[in-house]
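Colleague:
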Amino acid sequence: MGRDYEPVKGQWYENVEEDETFRVLSVDEDSELVEIEYLDGDIEELDLDTWHEMDLERIAEPEGWAATDNEEEDDDDEEEELDDEDDDDWDDEDDEDDDEDDDWDEDEEEGNQY
């Protein structure tokens, strides 16, 4: 049996026996459940008894971890939404300018009638 680490939210571990890498998403001490996420994005809940039976090593966050890319994509989506909102504002300003131009045309027409 390997080292017996307590699960720590955000910490990365390697299950030596299964050659699997995962991080702890949450620890619910009341229900004695540990939620983990594997490198491939699969999420699993383990009870604390199962956790303590595993041969674990603490490790650093893997380089190029896929979820990091997903988080960046989420940020990009938010930026795109903001850009879209800015575009809408720009369009509204154009519409206002168009309305003013329309008023000018009406004024010219009225001036020509006199």
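If you want my numbering, it's the position in the sequence shown, counting the first as 1, plus 532. Using N, Cα and C, we set each Cβ at its ideal position, and we do this for glycine too.
(1) Classify ARG647 as buried or exposed, calling it buried when 16 or more other Cβ atoms lie within 10 Å of its own Cβ.
(2) Who are LEU571's beta bridge partners in DSSP?
(3) Return the CA-CA distance between ARG555 and GLU546, expressed in angstroms with no decimal places.
(4) Tell me, to the nearest whole angstrom, how far the beta carbon of GLU577 is from that of TRP544; I am working on the premise that it is less than 8 Å.
(5) Give the single residue among GLU595, ILE568, ASP579 and MET586 whose Cα lies nearest to the Cα of GLU561.
(6) Tell me where the beta strand (DSSP E) around GLU549 begins and ends.
(7) Report the residue from ILE575, GLU538, TRP583 and GLU567 whose alpha carbon sits nearest the alpha carbon of SER558.
Modeller: Checking against the coordinates, here is how it stands:
(1) Summary: the structure shown does not reach residue 647, with the chain confined to residues 533 through 646, and so no result is reported for it.
(2) In DSSP, LEU571 forms no bridge with anything.
(3) 9 Å
(4) 18 Å between Cβ atoms; not a contact.
(5) ASP579
(6) Note, GLU549: premise wrong, no beta strand (DSSP E); not H, not E.
(7) GLU567
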